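Undergrad:
Chains as they are written, first to last, in our numbering: chain A, 320 to 588; chain B, 41 to 196; chain C, 165 to 545.
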């Protein structure tokens, strides 16, 4: 339960309130992880928060986290310039189902900062590109200046990712899609028999995206979502992250939509 | 070589219409090629046409002083642009600008309205399809309205 | 065919010798005593520190201590506290660290102090089950905390088989009592009347046998054994409440939108008393406590309650804003989702939540109302 000290070796500002940090352990081996897992990050005296790992699982030497500053702890973490020390516990949680879906068309459906926990899955899949059918990214954000990893999308496309990006609204200089990410689903021309979906974003966005996917015939058993509730310990002790019969930090955060759906339908569960 | 009727028959919104109805609709249409950056519709102007996009893209915009033009939706090949031609007072409610060089079928809305008055079955078929499209766009718009990326999803 | 365990008898006059034997082995004795009109757990040394000659009157939102007409040491049920407070203390410092001038954490260390070696005197069957349930939560997962394990090792347990059921008890319904058959070093059944006062003792472990060896005792006779069994049977027949646990998980899962939740929400104050007195509620929160200069930080873990609005707070707001959703969360966790999370019920039938609810909400009644509404016999549903 005691954090390991890590030091910030690189800090990049992604958007007005989001930054990406690269960390290295102060002592000991790098933190190995599977795509979709998270750590509990502590800043000195400002509390501890769960943050998805957004780095490349094949290159764990640097622990990468994309953090949105919305409270005391995340603001302190985001404020950490190179040389600052953070506490890290983890990795916790279960991974995206990247192993065992060989031959499938894989759709990554992300909204807002939800692309951060999916980035490790994208990198893992691209490194093994020949094992899969289509790799499709459907990514929705609020506005062009709030999209993550824009500079990487080109490289990912070259490596065989079909990237479709949309924003809720934009100025006239934006040449891409405008509209909700659900509209991208209908345009993607998916083959439901071969498609597996991994989704992360605001819960409302995921519900509507799944609705569009199931309208296109993708079965709920092959749609996976990463869930979030108030998480405090990360290890199944504090009780906060309960969603009905499941503890998200322990049994999730990745779930099959077919398991989740009945519980998400209950208001205020 | 695809005729205009073949193109019209291929539009998802018009799927399932009878050949004779498709013929009536195609009779009100003509092919058009437009450069990028051209305004096909302007807020407040008479809505006497609507468009089927064959290639390219059209951005729907609302202009507001101080903020300039804000794109609130983009439409793509296979999609219809405009429904204000079907409902009084027959005036555009926002701007529509081609994002890039665009190939369209432009339909004469007044002409087609007349044909719908004469053939109520045609009118019913078109109304129900446009209504279904409106429902989808309304739901999508509601989701945009929630601004889900604005205040949610902090802790990742 | 199981052979009946060997039983022994300790006389009342030798009870302090039992406590002394434990103290002599270095245990800190913790047992029931009276404070502020209730029976709570505190350090004890001799028999007279116990609530001698007292019993409790318990009902929904009602607790009184009343004099008995004998001098029984354990003539009452359970009070507002449970042994949870030693297994999962209300406040624990997890680690401390220094904070450097850039806000970075250095010298992260766990506390050096070890918990005392406790001997729990007077633990009831429901409490032993509750300790086992908490063990599954805290130690049964993938990341057990060594500090939690240390608090459980080496605790000596002198259980007491209840001589009377409390007004809100329903351990029989939950299969958690009134007789403890494991999880103790020694288990006592108190026999007290005008002529006699002694304890029939069952040994649970070798360690327990070792302690008993140093205390005056004699083998139990067949009459002693029968008398103990009669006490156990009498207690079992006196339960103040009942809960039908038949498929209760499925019952509650089907009824998450039942109108009864709205009805109980009108009464529930969301005060969280139930979570504080419950021996299995385990929710905690963590806080960073710094000194004024901000150079030293303690990460402190405290009891939390799912009844607070903050409990389910995400950045976008609380998921469970209404009292209805919070009561439903507590009750369905306790009686239903606990099965899926930890393979058992979360409830041991001790009745504390009923007694200590200021408005007397009774989860056995709530469950019954929902179950009966499916049979069409509840007019309110």
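Where a beta carbon is used, it is the ideal one built from N, C-alpha and C, also for glycine. Predicted model only: the values in this text are computed from it and were never measured.
Compare the C-beta of residue 610 of chain A against all C-beta atoms of chain C and say whether one is closer than 8 Å.
TA: In the structure displayed, chain A extends from 320 to 588; residue 610 of chain A sits before or after that span and is not available.
Undergrad: With a 10 Å radius around its C-beta and 16 neighbouring C-beta atoms as the bar for buried, classify residue 128 of chain B as buried or exposed.
TA: To locate residue 128 of chain B, count along the second chain from 1; it is residue 88. Looking at its Cβ environment, which holds fewer than 16 other Cβ atoms inside 10 Å, residue 128 of chain B is exposed.
Undergrad: From the DSSP secondary-structure annotation, give me the bridge partner or partners of residue 260 of chain C.
TA: In the third chain, counting from the first residue as 1, residue 260 of chain C sits at position 96. In the DSSP output, where bridge partners are listed per residue, residue 260 of chain C has C:273, C:462.
Undergrad: Using a Cβ cut-off of 8 Å (strictly closer), state whether residue 111 of chain B contacts chain A.
TA: Residue numbering aside, residue 111 of chain B sits at position 71 when the second chain is read from its first letter. For residue 111 of chain B, the answer is yes, since a Cβ of chain A falls inside 8 Å of its Cβ.
Undergrad: Which residues in chain A sit within 7 Å of residue 174 of chain B, going by Cβ to Cβ distance?
TA: Walking along the second chain from the start, residue 174 of chain B turns up at place 134. Correct list: empty, because the minimum Cβ distance to chain A is about 14 Å.
Undergrad: Determine, using beta carbons only, whether residue 352 of chain A and residue 369 of chain A come nearer to each other than 8 Å.
TA: By 1-based counting over the first chain, the position of residue 352 of chain A is 33. By 1-based counting over the first chain, the position of residue 369 of chain A is 50. Contact flag unset, no.
Undergrad: If the cut is a Cβ gap below 7 Å, which residues of chain C does residue 361 of chain A touch?
TA: Counting from 1 along the first chain, the entry for residue 361 of chain A is found at position 42. Per Cβ cutoff of 7 Å: 269.
Undergrad: Report the residue from C:418, C:470, C:458 whose alpha carbon sits nearest the alpha carbon of residue 436 of chain C.
TA: Translated into positions along the third chain, residue 436 of chain C becomes position 272. Looking at the Cα atoms, C:470 is the closest of the given residues.
Undergrad: Alpha carbon to alpha carbon, how far is residue 79 of chain B from residue 120 of chain B? Give it in angstroms, no decimals.
TA: Counting from 1 along the second chain, the entry for residue 120 of chain B is found at position 80. Counting from 1 along the second chain, the entry for residue 79 of chain B is found at position 39. Taking the straight line from one Cα to the other gives about 15 Å.
Undergrad: Taking the CB atoms as reference points, tell me whether residue 418 of chain C and residue 530 of chain C lie closer together than 8 Å.
TA: Counted from its first residue, the third chain places residue 418 of chain C at position 254. Counted from its first residue, the third chain places residue 530 of chain C at position 366. Going by C-beta atoms, residue 418 of chain C is not nearer than 8 Å to residue 530 of chain C.
Undergrad: Between residue 116 of chain B and chain A, is there a C-beta pair that is closer than 8 Å?
TA: In the second chain, residue 116 of chain B corresponds to position 76, counting from 1. Answer yes: the Cβ-Cβ gap between residue 116 of chain B and chain A drops below 8 Å somewhere.
Undergrad: What three-state label does DSSP hand residue 475 of chain C in the structure shown?
TA: The residue labelled residue 475 of chain C in the question sits at position 311 within the third chain. If DSSP states are grouped into helix, strand and coil, residue 475 of chain C belongs with the helices.
Undergrad: For the region 265-293 of chain C, which residues have a CB atom closer than 7 Å to at least one CB atom of chain A, in sequence order?
TA: The residues in question are 266, 267, 268, 269, 270, 272, 274.
Undergrad: Alpha carbon to alpha carbon, what distance is there between residue 352 of chain C and residue 361 of chain C?
TA: Working through the third chain from its first residue, we reach residue 361 of chain C at position 197. Working through the third chain from its first residue, we reach residue 352 of chain C at position 188. Roughly 12 Å between the two C-alpha positions.
Undergrad: Going along chain C in order, which residues have a C-beta closer than 7 Å to the C-beta of residue 320 of chain A?
TA: Sequence index remark: in the first chain, residue 320 of chain A carries index 1 (1-based). Going along chain C in sequence order, the residues near residue 320 of chain A (Cβ under 7 Å) are 258, 309.
Undergrad: Suppose you measure from the CA of residue 456 of chain C to the CA of residue 282 of chain C; what does that come to, to the nearest Å?
TA: Position 292 of the third chain holds residue 456 of chain C. Position 118 of the third chain holds residue 282 of chain C. Roughly 36 Å separates the two Cα atoms.
Undergrad: Output needed in chain order: residues of the region 351-381 of chain A with a Cβ under 7 Å from some Cβ in chain C.
TA: Flagged, chain order: 361, 362, 363, 364, 365, 366, 367.
Undergrad: Got a sec: is the Cβ-Cβ distance from residue 333 of chain A to anything in chain B below 8 Å?
TA: On the first chain, residue 333 of chain A is found 14 positions in, with the first residue counted as 1. Taking Cβ atoms only, chain B never reaches closer than 8 Å to residue 333 of chain A, which makes this a no.
Undergrad: Rounding to the nearest angstrom, what Cα-Cα distance links residue 345 of chain A and residue 479 of chain C in this structure?
TA: Reading the first chain from its first residue, position 26 is the one you call residue 345 of chain A. Reading the third chain from its first residue, position 315 is the one you call residue 479 of chain C. C-alpha separation (whole angstroms): 31 Å.
Undergrad: Under 7 Å Cβ-Cβ, which residues of chain A neighbour residue 190 of chain B?
TA: As a position in the second chain, residue 190 of chain B is number 150, starting the count at 1. Correct list: 461.
Undergrad: So does the region 197-207 of chain C actually touch the region 170-178 of chain C, counting three or more Cβ pairs closer than 8 Å?
TA: With a cut-off of 8 Å, the region 170-178 of chain C and the region 197-207 of chain C do not count as touching, because too few Cβ pairs lie within range.
Undergrad: Any C-beta of chain C sitting closer than 8 Å to the C-beta of residue 328 of chain A?
TA: Residue 328 of chain A sits at position 9 when you count from the first residue of the first chain. So no, residue 328 of chain A is outside the interface.
Undergrad: Here's a check: name, in chain order, each residue in its chain whose Cβ is nearer than 6 Å to the Cβ of residue 111 of chain B, leaving out the five neighbours to either side.
TA: Numbered from its first residue, the second chain carries residue 111 of chain B at position 71. Closer than 6 Å at Cβ, skipping near neighbours: 99, 101.
Undergrad: Does any residue of chain C bring its CB to less than 8 Å from the CB of residue 338 of chain A?
TA: The residue labelled residue 338 of chain A in the question sits at position 19 within the first chain. Taking Cβ atoms only, chain C never reaches closer than 8 Å to residue 338 of chain A, which makes this a no.
Undergrad: Please report how far the alpha carbon of residue 586 of chain A lies from the alpha carbon of residue 189 of chain B, in whole angstroms.
TA: As a first step, residue 586 of chain A is located in the first chain; it is residue number 267 there, counting from the start. As a first step, residue 189 of chain B is located in the second chain; it is residue number 149 there, counting from the start. Roughly 21 Å separates the two Cα atoms.
Undergrad: What is the rounded straight-line gap between the Cα of residue 564 of chain A and the Cα of residue 501 of chain A?
TA: Taking the first residue of the first chain as position 1, residue 564 of chain A is located at position 245. Taking the first residue of the first chain as position 1, residue 501 of chain A is located at position 182. One C-alpha to the other measures close to 29 Å.
Undergrad: Use the C-beta contact count for residue 248 of chain C: other C-beta atoms within 10 angstroms, 16 or more gives buried, fewer gives exposed.
TA: On the third chain, position 84 is the one that residue 248 of chain C refers to. The residue in question, residue 248 of chain C, is buried, as its Cβ has 16 or more Cβ neighbours within 10 Å.
Undergrad: Give the secondary structure of residue 387 of chain C by DSSP, where H, G and I count as helix, E and B as strand, and everything else as coil.
TA: In the third chain, the residue the question calls residue 387 of chain C occupies position 223. It is helical.
Undergrad: If you measure from the beta carbon of residue 83 of chain B to each beta carbon in chain A, is any gap under 8 Å?
TA: In the second chain, the residue the question calls residue 83 of chain B occupies position 43. So, not an interface residue.
Undergrad: Buried or exposed, going by whether 16 or more other CB atoms sit within 10 Å of the CB of residue 367 of chain C?
TA: If you number the third chain from 1, residue 367 of chain C lands on position 203. Under this definition residue 367 of chain C is a buried residue.
Undergrad: Compute the Euclidean distance between the alpha carbons of residue 401 of chain C and residue 325 of chain C, then round it to the nearest angstrom.
TA: To locate residue 401 of chain C, count along the third chain from 1; it is residue 237. To locate residue 325 of chain C, count along the third chain from 1; it is residue 161. Residue 401 of chain C and residue 325 of chain C: Cα-Cα distance of roughly 14 Å.
Undergrad: Check whether the region 475-487 of chain A and the region 453-461 of chain A touch, using three or more Cβ-Cβ pairs below 8 Å as the test.
TA: Cβ pair count under 8 Å is three or more, so yes.
Undergrad: Buried or exposed for residue 76 of chain B, please, with buried defined as at least 16 other CB atoms from any protein chain shown within 10 angstroms of its CB.
TA: Taking the first residue of the second chain as 1, we reach residue 76 of chain B at position 36. Residue 76 of chain B comes out exposed.
Undergrad: Using the beta-carbon count (16 or more within 10 Å), is residue 576 of chain A buried or exposed?
TA: As a position in the first chain, residue 576 of chain A is number 257, starting the count at 1. So residue 576 of chain A ends up on the buried side.
Undergrad: Quick one: what does DSSP say residue 72 of chain B is sitting in, helix, strand or coil?
TA: In the second chain, residue 72 of chain B corresponds to position 32, counting from 1. It is a strand residue.
Undergrad: With a Cβ-Cβ cutoff of 8 Å, do residue 373 of chain A and residue 322 of chain A count as a contact?
TA: Start at 1 with the first residue of the first chain, and residue 373 of chain A comes out as number 54. Start at 1 with the first residue of the first chain, and residue 322 of chain A comes out as number 3. Against a cut-off of 8 Å, the Cβ pair of residue 322 of chain A and residue 373 of chain A comes out as no contact.
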